[in-house]
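> Using my numbering, the final residue of the sequence shown is 510, and nothing's skipped along the way. Glycine residues also receive a C-beta, built at the ideal position from the N, C-alpha and C atoms. For clarity, every value in this text was computed on a predicted model and none was experimentally measured.
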Amino acid sequence: PPPKALEAAAGLLRRLGAMGSDGRLSPLGHEMARQGVQARLARVALRAREVGHGHAGARLVALIEEGAPRSSDGDLFDPLGAALTRAPRALDPGREARVLASCRQLSRALRLAKQDAQAVDDESEREALADALITGFPDQLGRVVAAGGARSWHLELLLATGRRARLPEASAAQPGDLLVVLDAEERRREGRPEVHLRAASPVTQDQVLASQLEEVVERALVRWDSRREQAQATRELSLDGLVLETGPWPQASPEALAACLFEAARPHGLAAFGAPSEDPPGLFARLAWLAVRRPDLELPAVDVAGQEALLRALCANKRSFAELQAEGVEGAILATLPPRTARELERLAPAWLRLDGGRRLRIGYAPDKPPWVASRLQDFFGMKEGPRVLGGSEPVALHLLAPNKRAVQITTDLAGFWAKTYPTVARELRRRYPRHKWPDDPLNTSPPAPGKIR
57 PPPKALEAAA
67 GLLRRLGAMG
77 SDGRLSPLGH
87 EMARQGVQAR
97 LARVALRARE
107 VGHGHAGARL
117 VALIEEGAPR
127 SSDGDLFDPL
137 GAALTRAPRA
147 LDPGREARVL
157 ASCRQLSRAL
167 RLAKQDAQAV
177 DDESEREALA
187 DALITGFPDQ
197 LGRVVAAGGA
207 RSWHLELLLA
217 TGRRARLPEA
227 SAAQPGDLLV
237 VLDAEERRRE
247 GRPEVHLRAA
257 SPVTQDQVLA
267 SQLEEVVERA
277 LVRWDSRREQ
287 AQATRELSLD
297 GLVLETGPWP
307 QASPEALAAC
317 LFEAARPHGL
327 AAFGAPSEDP
337 PGLFARLAWL
347 AVRRPDLELP
357 AVDVAGQEAL
367 LRALCANKRS
377 FAELQAEGVE
387 GAILATLPPR
397 TARELERLAP
407 AWLRLDGGRR
417 LRIGYAPDKP
427 PWVASRLQDF
437 FGMKEGPRVL
447 GGSEPVALHL
457 LAPNKRAVQI
467 TTDLAGFWAK
477 TYPTVARELR
487 RRYPRHKWPD
497 DPLNTSPPAP
507 GKIR
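1) Is it buried or exposed for glutamate 212, if we count other Cβ within 10 angstroms and need 16 for buried?
2) Pairs of beta-carbons, one from the region 106-120 and one from the region 81-88, closer than 8 Å: are there three or more?
3) Buried or exposed for leucine 360, going by 16 or more other Cβ atoms inside 10 Å?
4) Taking 8 Å as the cut-off, decide whether the C-beta atoms of alanine 216 and aspartate 148 are in contact.
5) Is the CB-CB distance between alanine 114 and serine 163 below 8 Å?
6) Beta strand (DSSP E) containing glutamate 301: first to last residue?
7) Determine the burial state of glycine 413: buried for a count of at least 16 other Cβ atoms within 10 Å of its Cβ, exposed for fewer.
8) Which residues does DSSP list as the beta-bridge partners of serine 267?
9) Would you mind working out which of Ala378, Ser77, Ala344, Leu353 sits nearest glutamine 363, comparing C-alpha positions?
10) With DSSP collapsed to three states, give me the class of proline 332.
11) Run through DSSP, which three-state label would serine 163 get?
12) Which of the three DSSP states is assigned to glutamate 402 in this structure?
13) Taking the alpha-carbon of lysine 440 as reference, which of Pro479, Arg462, Asn500, Pro459 has the nearest alpha-carbon?
14) Please state if the CB of leucine 456 and the CB of valine 445 are separated by a distance shorter than 8 Å.
15) Measure the alpha-carbon distance for valine 556 versus glutamate 400 and round it to whole angstroms.
16) What is the rounded straight-line gap between the Cα of alanine 505 and the Cα of arginine 416?
17) Between the region 243-258 and the region 268-287, do at least 3 Cβ pairs fall closer than 8 Å?
18) Secondary structure at methionine 75, three-state DSSP: helix, strand or coil?
19) Where does proline 58 sit, in a helix, a strand or coil, going by DSSP?
20) With distances taken between CB atoms, is the gap from phenylalanine 193 to leucine 132 smaller than 8 Å?
21) Report all residues from its chain with a CB closer than 6 Å to the CB of cysteine 316; omit the five preceding and five following residues, and keep chain order.
22) Around the Cβ of alanine 104, are there at least 16 other Cβ atoms within 10 angstroms (buried) or fewer (exposed)?
23) State buried or exposed for histidine 210, treating a residue as buried only when at least 16 other CB atoms are found within 10 Å of its CB.
24) Using alpha carbons as the reference points, say which of Ala308, Phe436, Ser82, Pro59 lies closest to proline 495.
25) Which term fits leucine 62, buried or exposed, when burial requires 16 or more other beta carbons within 10 angstroms of its beta carbon?
26) Would you grab the beta carbon distance between leucine 168 and histidine 111 for me? Rounded to a whole angstrom, and I think it's under 8 Å.
As structure tokens, then:
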């Protein structure tokens, strides 16, 4: 056989208890080999005998071995139900005879005492046969899920291996049911392979846990819930790739939740979590600009790596985007600065300035250029000098705007603009905007109140 197939077969034999880690058959493996049926079915039969239901187990194995009969309604064949009720979907006489012959042969191989093979549909027998099926097919368990869109809605079985198998349209299974697959075939649908189920038996979660308890793995996980935009801590019980049970995990560490939040927030960037009244990019620009001019203040880095470090710190003891936005970005960053540094930032690189006429302007910053503001030219009437920052040592570049919001001049020398450039600019503005006031003596003219444009 191909190496992968051989490895898979050996892994299954070890899972069934038929082979030891040394590659030799175990005593159970030798007994399975004597039953004359394939390994899975031998394990089912022996397990049923172990729990005192050998004859019912022999009939179950015979039904599986014979294969799923054709159904008029296209539903799944359930060998477990058939073994319990002895009414397997109208078996034809020939098929029923083969099932009985196989059952008698396996009963002899199992050394079962002769008895009436009529099964009793009681709870203990159902539990015993379900346990036997799970023991022989532990890797073929799956959960029913709804799949497809509104027009092509159908049921699928999500297997522990990660594969999906399509259920017949007439299946009585419901989403959430656990099934153990006993017969399936691969077909092609629109050029793609699909696994279709023909025979499977329902089992319960309690039966799976009782039968495979040693193989069940408990995991505590922290995952991001994109719909709720928060980190969710859950505890899972899983068998191979099949999740059997999931629930909240109250013991999750704050560090794990914060790390999950950080990974979800990082693609959005730190600025995305500012409060509505905040301007995180503006704060980053102020910090970067002042850091170049005053390295002694030891301001936090706000490059990509620096912003990620700040974001990671802001995620501490939080688990959701809502918590990040509720605290805000600017206030949280400023709170990390020593009081003196925070005061110096506000004194040397303020976010806003107020003109003589009362208009409040946001100052723009960039590390490699002077700070700037933009406003209507009329707002600067009466001002002999433009504003300054960095303790008065650096002038703010003024973008003097016409009524169409385009700059007619950019200058750091307001007095020179009034004396040399304004007379020429005013003539052009009077021609283009005659309904606005363009006085000959702007230094002795009061600026309009905020909101008034003429």
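According to the structure shown:
1) buried
2) no
3) The sequence shown places valine at residue 360, not leucine. Looking at its Cβ environment, which holds fewer than 16 other Cβ atoms inside 10 Å, valine 360 is exposed.
4) no
5) yes
6) Here the beta strand (DSSP E) through glutamate 301 covers 298-304.
7) Result: buried.
8) DSSP, once it has assigned bridges, lists no residue as partnering serine 267.
9) The shortest C-alpha to C-alpha distance from glutamine 363 to any of Ala378, Ser77, Ala344, Leu353 is the one to Ala344.
10) In this structure, proline 332 counts as coil in the three-state DSSP scheme.
11) helix
12) helix
13) For lysine 440, the nearest C-alpha among the options comes from Asn500.
14) no
15) Here the chain comprises residues numbered 57 to 510, so residue 556 is not present and cannot be evaluated.
16) 11 Å
17) Touching, no.
18) Per DSSP, reduced to three states, the secondary structure at methionine 75 is strand.
19) coil
20) Not closer than 8 Å, so no.
21) Val278, Trp280, Ala287
22) Alanine 104 counts as buried, since at least 16 other C-beta atoms from the protein chains shown sit within 10 angstroms of its C-beta.
23) It is exposed - the Cβ of histidine 210 has fewer than 16 other Cβ atoms within 10 Å.
24) Phe436
25) Exposed is the call here.
26) For leucine 168 against histidine 111, the beta-carbon gap comes to about 6 Å, under 8 Å, which counts as contact.
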